[in-house]
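Line order of the protein sequences matches chains A and B. Take 23 as the starting number for the first sequence in my numbering and just add one per residue. Take 23 as the starting number for the second sequence in my numbering and just add one per residue. No residue lacks a Cβ here, since even glycine has one placed at the ideal position from N, Cα and C. Everything numeric in this text was worked out from a predicted model, so none of it was measured. Here's the structure, in structure tokens; my notes come after.
2 protein chains.
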Amino acid sequence: MKIEDLISQIRQKKSFLCVGLDTDLDKIPKHLLKEEDPIFAFNKAIIDATHPYCVAYKPNIAFYEAYGLDGWKSLERTMAYLNEKHPEIFTIADAKRGDIGNTSTRYAKAFFETMNFDSITIAPYMGKDSVEPFLEFKDRHTILLALTSNQGAFDFQTKNVGGQELYKEVLSVSKTYNGSDRLMYVVGATKADYLLDIRKIVPESFLLVPGVGAQGGSLQEVCKYGITKNVGLLVNSSRGIIYASAEVDFAKSAGKKAQQIQREMEMELAKL
Amino acid sequence: MKIEDLISQIRQKKSFLCVGLDTDLDKIPKHLLKEEDPIFAFNKAIIDATHPYCVAYKPNIAFYEAYGLDGWKSLERTMAYLNEKHPEIFTIADAKRGDIGNTSTRYAKAFFETMNFDSITIAPYMGKDSVEPFLEFKDRHTILLALTSNQGAFDFQTKNVGGQELYKEVLSVSKTYNGSDRLMYVVGATKADYLLDIRKIVPESFLLVPGVGAQGGSLQEVCKYGITKNVGLLVNSSRGIIYASAEVDFAKSAGKKAQQIQREMEMELAKL
Numbered sequence: 023m024k025i026e027d028l029i030s031q032i033r034q035k036k037s038f039l040c041v042g043l044d045t046d047l048d049k050i051p052k053h054l055l056k057e058e059d060p061i062f063a064f065n066k067a068i069i070d071a072t073h074p075y076c077v078a079y080k081p082n083i084a085f086y087e088a089y090g091l092d093g094w095k096s097l098e099r100t101m102a103y104l105n106e107k108h109p110e111i112f113t114i115a116d117a118k119r120g121d122i123g124n125t126s127t128r129y130a131k132a133f134f135e136t137m138n139f140d141s142i143t144i145a146p147y148m149g150k151d152s153v154e155p156f157l158e159f160k161d162r163h164t165i166l167l168a169l170t171s172n173q174g175a176f177d178f179q180t181k182n183v184g185g186q187e188l189y190k191e192v193l194s195v196s197k198t199y200n201g202s203d204r205l206m207y208v209v210g211a212t213k214a215d216y217l218l219d220i221r222k223i224v225p226e227s228f229l230l231v232p233g234v235g236a237q238g239g240s241l242q243e244v245c246k247y248g249i250t251k252n253v254g255l256l257v258n259s260s261r262g263i264i265y266a267s268a269e270v271d272f273a274k275s276a277g278k279k280a281q282q283i284q285r286e287m288e289m290e291l292a293k294l
Numbered sequence: 023m024k025i026e027d028l029i030s031q032i033r034q035k036k037s038f039l040c041v042g043l044d045t046d047l048d049k050i051p052k053h054l055l056k057e058e059d060p061i062f063a064f065n066k067a068i069i070d071a072t073h074p075y076c077v078a079y080k081p082n083i084a085f086y087e088a089y090g091l092d093g094w095k096s097l098e099r100t101m102a103y104l105n106e107k108h109p110e111i112f113t114i115a116d117a118k119r120g121d122i123g124n125t126s127t128r129y130a131k132a133f134f135e136t137m138n139f140d141s142i143t144i145a146p147y148m149g150k151d152s153v154e155p156f157l158e159f160k161d162r163h164t165i166l167l168a169l170t171s172n173q174g175a176f177d178f179q180t181k182n183v184g185g186q187e188l189y190k191e192v193l194s195v196s197k198t199y200n201g202s203d204r205l206m207y208v209v210g211a212t213k214a215d216y217l218l219d220i221r222k223i224v225p226e227s228f229l230l231v232p233g234v235g236a237q238g239g240s241l242q243e244v245c246k247y248g249i250t251k252n253v254g255l256l257v258n259s260s261r262g263i264i265y266a267s268a269e270v271d272f273a274k275s276a277g278k279k280a281q282q283i284q285r286e287m288e289m290e291l292a293k294l
């Protein structure tokens, strides 16, 4: 997907919501377990109920891998459904991959070609030649981990590297990579005030912001420091939406919750 | 697998060779493409020919993911074969995963339980709570990326963080994690002299050393600086062994190549 198409979808839906599909057999409504493919049945219902209010879906790949082959089948079915029914919606493989050149190319093929994701999350630790193979794919986007929303982010990401924190170094250095115009960044909402500094380094880039809701981040804070004239934000909510209810009306509840967030986003967009 | 069992296997086989199963349909002998599952057919033949000379196998997960469901089937069959025929051999999922707590637990289940790997490679960027979920599994091992063998390693890993390079900070900080006795580390052979400093921080830990052979590292150099009284090394070779020949005799050639490396290792072990 071209970045312009993502922006125009955001303007049209008045939303920059990404719904995280962290689908867990222990958490989905019990009546779905009778289905032949409960994970896909759940995802389909969630997508049907939430798609008017969001612009992106982000399956968390770990949740699918944990179920082995069955999990991969559910993921492929979910992607096939999204690509067929909602080709305008941006898809993110939350995979946090990253490896040496020829291996990264394999991962890129797996997610961009085999499964037709628009984007993938990547860990920066191995540097340039682990990231650039992903950047070679036209109209696909690579979302580099910069500052994550977990406690462990303080182990290394915020440590000082030659005058600035490691996550800022990641932002700065990655701008020199070939194809860096296809980069986006993960920035946790639990550290919203960091966005002020981040915008000095990447003033235009899209940021994928997890941690709003369940993890305690505030949408208003994120927008205050992070929004750009082209919005430049995708704010993710996973558990807060998809597990809004564990009853038979789970999809309706998820839709309501997504709509509620969309309305808050509409107010933020009105300020632009 | 208990670390003692790995050490006793190393002593028995006089080898600390790990064979990397980076299986690529474009590189395997053409006659195998007629098989129902060419990747598994290739892996099985390589395992049958090399197992007397190596103590570990390391499927590079990207190569399997790139083929979607078929790739995962080949990986599961390979692991089932290894677990059945050679339960004494150490298995490494070269996956380079790492995510927030509940997601890391999913990955741990996928690789340690669903596929029964003995170990997995993990990227350290997200810190403590992304690593510890893996360390909770008894007799399973987590191999943290420290210093990788690619050029991009110099982007961040070797940068100075409060007085020492980031990869040393990763080694030091990870020693404070719960279950850190189940940690091993990836250290590229192309930077063998760094091993001297690394051994000051992790004197006993096992190091997984890629980059010998195709990537230019020297086995003698690695041993000079990295070997411990319990060996403490797993040296990986992928392409140099598995693609030693692309003809019908490919497995025999792979076996010969593995044996040749085993003999070099035997000489190094004799020096202990």
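Residue-chain proximity (residue i, chain B), Cβ-Cβ < 9 Å
i: A/N65; result: no
i: A/T170; result: yes
i: A/L167; result: yes
i: A/A280; result: no
i: A/S202; result: no
i: A/D59; result: no
i: A/G239; result: no
i: A/V231; result: no
i: A/A276; result: no
i: A/A211; result: no
i: A/D44; result: yes
i: A/K131; result: yes
Cutoff 9 Å: residue i Cβ touching any chain A Cβ
i: B/L207; result: This sequence places Tyr at residue 207 of chain B; Leu is not what is there. False, the Cβ-Cβ gap to chain A never drops below 9 Å.
i: B/D148; result: Looking at the sequence itself, residue 148 of chain B is Met, so the reference to Asp does not match. It does: the Cβ of B/M148 has a partner Cβ on chain A nearer than 9 Å.
i: B/S141; result: no
i: B/M137; result: yes
i: B/V90; result: Going by the sequence as given, residue 90 of chain B is Gly instead of Val. Output row for B/G90: interface = yes.
i: B/R128; result: yes
i: B/K24; result: no
i: B/D271; result: no
Simplified DSSP assignment, three categories, for residue i
i: A/H163; result: strand
i: A/N65; result: helix
i: B/F112; result: strand
i: B/G239; result: strand
i: A/I83; result: helix
i: A/T127; result: helix
i: A/T72; result: helix
i: A/K118; result: strand
i: A/I144; result: strand
i: B/L157; result: helix
i: A/Q295; result: The structure shown has nothing for residue 295 of chain A, since chain A only spans 23 to 294.
i: B/G42; result: strand
i: B/Y199; result: coil
i: A/L218; result: helix
i: A/V224; result: coil
Spatial neighbours of residue i in its chain, beta-carbon cut-off 6 Å, leaving aside the 5 residues before and after
i: B/I61; result: T45, S96
i: B/N105; result: N138
i: B/S171; result: G210, T212, P232, G233, Q237
i: B/H108; result: H73
Residues near residue i by beta carbon distance below 7 Å, same chain, minus five either side
i: A/E269; result: P51
i: B/R99; result: D59, F62
i: A/A214; result: G239, S240, E243, V244, Y247
i: A/D161; result: M23, K24
i: B/I29; result: N252, V253
i: B/V297; result: Since the first and last residues shown for chain B are 23 and 294, residue 297 of chain B lies out of range.
Residue i vs residue j beta-carbon contact at 9 Å
i: B/P155; j: B/G123; result: yes
i: B/G295; j: B/A145; result: Residue 295 of chain B is absent from the model: chain B starts at 23 and stops at 294.
i: A/P225; j: A/S260; result: no
i: B/D116; j: B/K66; result: no
i: B/V41; j: B/A102; result: no
i: A/I68; j: A/A273; result: yes
i: A/I21; j: A/S141; result: Any question about residue 21 of chain A goes unanswered here, given that chain A covers just 23 to 294.
i: B/G277; j: B/A71; result: yes
i: B/L255; j: A/K181; result: no
8 Å CB neighbourhood of residue i in its chain, flanking five on each side removed
i: B/K36; result: Q284, M287, E288, L291
i: B/D219; result: K190
i: A/Q31; result: V77, E110, I111, F112
Chain C within 9 Å of residue i, Cβ atoms only
i: A/K95; result: Absence of chain C from the displayed structure is noted, the protein chains being A and B.
> Along the segment 98–124 of chain A, what residues have a CB closer than 9 Å to any CB found in chain B?
Replying inline: Interface annotation for the segment 98–124 of chain A against chain B: E98, D116, A117, K118, R119, G120, D121, I122, G123, N124, criterion Cβ-Cβ distance under 9 Å.
>> Residues of the segment 249–267 of chain B in Cβ contact with chain A at a cutoff of 7 Å, in chain order, please.
In response: Of all residues in the segment 249–267 of chain B, none has a Cβ within less than 7 Å of some Cβ in chain A.
> When you check each C-beta in the segment 174–199 of chain B against every C-beta of chain A, which residues fall closer than 8 Å?
Replying inline: Of all residues in the segment 174–199 of chain B, G174, A175, F176, D177, F178, Q179, K181, N182, V183, G184, L188, E191, V192, V195 have a Cβ within less than 8 Å of some Cβ in chain A.
> What residues in the segment 70–88 of chain B have a beta carbon less than 7 Å from any beta carbon of chain A?
Replying inline: N82, A84, F85, E87, A88: these are the residues of the segment 70–88 of chain B whose beta carbon lies less than 7 Å from some beta carbon of chain A, given in chain order.
>> Taking beta-carbon pairs under 7 Å, can you tell me which members of the segment 213–226 of chain A lie near chain B?
In response: So nothing in the stretch comes that close.
> Going along the chain, which residues of the segment 152–164 of chain A sit with their C-beta nearer than 9 Å to a C-beta in chain B?
Replying inline: Residues of the segment 152–164 of chain A with a Cβ closer than 9 Å to any Cβ of chain B, in chain order: S152, V153, E154.
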